[in-house]
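K.L.:
Read in our numbering, the sequence shown has 944 at position 135, and its numbers run on one by one without any break.
C-beta atoms are modelled at their ideal positions from N, C-alpha and C, and glycine is treated no differently.
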Amino acid sequence: MITAQIIMVVTLLVMITGYAPLYLTAVVGSVLAALMAGFPLTGADPQAVSKLLVASMHPVIVDMLGVLLFIGIMQKCGYMDVIIWHIMDFGRRYGGAPGIATAAGLAAALLGALTSFTQPVITATIAGPAAVRLGLSPNKTAGIISLANTVANACGFTHPTMLAVLALTGVHFGLINLWALAGTIWIYVFCYWRAKREMIREGLSVNGDGSGLEPLPEGAPSFARAIFPFLVLCVAFFSGIPVFLVGMGTGILIIFMTHMKPGEGEKAMISGVTNIAIPIVAILSLMFMSNVISRIGLVTVISQYAEPYIALAPIQILFIISALAGTITQSNAASAPIVLPFTQIVLPMGADPLAVSFAAITGCAIMQLFLTGGALTALPVVAGVIPGTVQKIANRWQRPAMLVGLGVCFLITFVI
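(1) Using the C-alpha atoms, what's the distance from Leu1133 back to Val1127?
(2) Within 10 Å of its beta-carbon, does Val941 have 16 or more other beta-carbons around it, so buried, or fewer, so exposed?
(3) Please classify His895 as buried or exposed, where buried requires at least 16 neighbouring CB atoms within 10 angstroms.
(4) Is Cys886 helix, strand or coil when you go by DSSP?
(5) Where does Ser1094 fall in DSSP's three states?
(6) What's the C-alpha gap between Ala1045 and Val1055?
(7) Apart from the five residues just before and just after Ile1036, which ones in its own chain have a Cβ nearer than 7 Å to its Cβ?
(8) What's the call for Ile969, buried or exposed, on a 16-neighbour Cβ count within 10 Å?
(9) Okay, do the stretch 1087-1102 and the stretch 1065-1075 touch, 3+ Cβ pairs below 8 Å being the bar?
(10) Thinking just about the alpha-carbon of each residue, which of Thr820, Val836, Pro830 is nearest to the one in Leu1093?
(11) Is there a Cβ of chain D sitting closer than 7 Å to that of Ala1115, yes or no?
(12) Using a Cβ-Cβ cutoff of less than 7 Å, which residues in the same chain neighbour Leu1062 once the five nearest sequence positions on both sides are dropped?
(13) Go to Leu1054, then tell me how far its alpha helix (DSSP H) extends in each direction, as first and last residue.
(14) Are three or more beta carbon pairs between the stretch 950-958 and the stretch 1143-1152 nearer than 8 Å?
(15) Where Ile825 and Gly1135 are concerned, what is the direct C-alpha to C-alpha distance, given to the nearest angstrom?
(16) According to DSSP, is Thr1222 helix, strand or coil?
(17) Taking Asn958 as the reference, give the member of Pro1196, Pro907, Asn948, Ile994 with the closest Cα.
(18) Check whether the stretch 1094-1110 and the stretch 907-916 are in contact - that is, three or more C-beta pairs closer than 8 Å.
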């Protein structure tokens, strides 16, 4: 069993450092650890590798499917584009350059929260040059928009680390998303306030001048029409109806609203499910790893040393560990090997599962961008579509906002 635990520790270290593919490493290392612990590969034994893999199929995957069915048809019929455009236009009209950058970041966060990838470059391509023309510096514009990853990963529906945490705690979508939004939204509140204050200090006009965004195509649906299915989704969602049925039902509603042929509507809904490939592989890999970690006794070993300290303030210490994991790995996904074992330690201490979920999810979601602005879809890509951006300067400008969000989330851990 000690050899199995050593193999698992090495697996976790390799995942944290990023020297090997994340999810392949999780599966291969977990299988080796399980076999070394004496678990059979197949058979009726509940500790058989085949049984542990089946146990990794969690209901949260079904919830995610419902959301993606809805998003597929929302994107296909153009409703999502209309919502995003109006969010950015609202920011431009009432907040000038800081407003359009903030709105673009939030629009990207909304899109990322509902799909498997947060791509702020999508809104940055449109809103970035517009915000710069209205007087906001390229570095600040890129910094604001690319922070979308922090909000989307904390309060979304598809990120593998979030899904793995929820699978461990048994918490369903709903309150966890609202609490995470309540904490991370302050990142954008602070960004808007700071950018506006600095523009005023520099003698620049903050008010929008009516320029910036390209108009919507002729014949595009109104904002009220586009947002209505989303509002229905939210009401049904929080009324306790299964998320899969909610997503399917609102998709059918959109078919009627757009007079789409049922066959085409079904294809549009299924197109959204194509986004599930990476999340489903990720959550299966991470949950399988978590099951093996628990069965080989590694959580027990870690808890023997860490529990006396964690017991002093379980939720707050888990939040700090999550934040450190995000800072060290600079990846929300790569934080999972650190966050998941400690989540398993805190849960048996009697802590509220919702609070445990919040602490485990938000810390690494916020701090993943702290040192560099992100490695894949965040600042480096956004900087490429906003001429004049210097990534290091933009990232330094981002950091106070991330610390504000981190501070608010830390305070929430005392009241959730």
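P.N.:
In terms of the structure at hand:
(1) For the purposes of this step, residue 1127 is taken as residue 318 along the sequence shown, with counting starting at 1. For the purposes of this step, residue 1133 is taken as residue 324 along the sequence shown, with counting starting at 1. In the sequence as displayed, the identity of residue 1127 is Leu instead of Val. Taking the straight line joining both Cα atoms gives about 10 Å.
(2) Locating residue 941 in the sequence shown gives position 132, where the first residue counts as 1. Buried, since its Cβ has 16 or more Cβ neighbours within 10 Å.
(3) As a working note, residue 895 is residue 86 in the sequence shown. With 16 or more other Cβ atoms within 10 Å, it is buried.
(4) Counting from one through the sequence shown, the residue named residue 886 turns up at place 77. If DSSP states are grouped into helix, strand and coil, Cys886 belongs with coil.
(5) In the sequence shown, residue 1094 corresponds to position 285, counting from 1. Helix, per DSSP.
(6) For the purposes of this step, residue 1045 is identified with residue 236 of the sequence shown, where counting begins at 1. For the purposes of this step, residue 1055 is identified with residue 246 of the sequence shown, where counting begins at 1. Those two C-alpha atoms are separated by around 6 Å.
(7) Numbered from 1 along the sequence shown, position 227 holds the residue referred to as residue 1036. Ile892, listed in sequence order.
(8) Walking along the sequence shown from the start, residue 969 turns up at place 160. The displayed chain sequence assigns Pro, not Ile, to residue 969. The residue in question, Pro969, is buried, as its Cβ has 16 or more Cβ neighbours within 10 Å.
(9) no
(10) Counting from one through the sequence shown, the residue named residue 1093 turns up at place 284. Out of Thr820, Val836, Pro830, Val836 has the C-alpha closest to the C-alpha of Leu1093.
(11) No chain D is present in this structure, which holds just one protein chain.
(12) Position 253 of the sequence shown, counted from the start, is the residue given in the question as residue 1062. Around Leu1062: Pro1038, Val1041.
(13) Residue mapping note: residue 1054 aligns to position 245 of the sequence shown, counting from 1. Unbroken alpha helix (DSSP H) run through Leu1054: 1052-1067.
(14) no
(15) The sequence position of residue 825 within the sequence shown is 16, counting from 1. The sequence position of residue 1135 within the sequence shown is 326, counting from 1. Taking the straight line from one Cα to the other gives about 10 Å.
(16) Here residue 1222 refers to the residue found at position 413 of the sequence shown. Correct three-state label for Thr1222: coil.
(17) Looking up residue 958 in the sequence shown gives position 149. With distances taken between Cα atoms, Asn958 lies closest to Ile994.
(18) no
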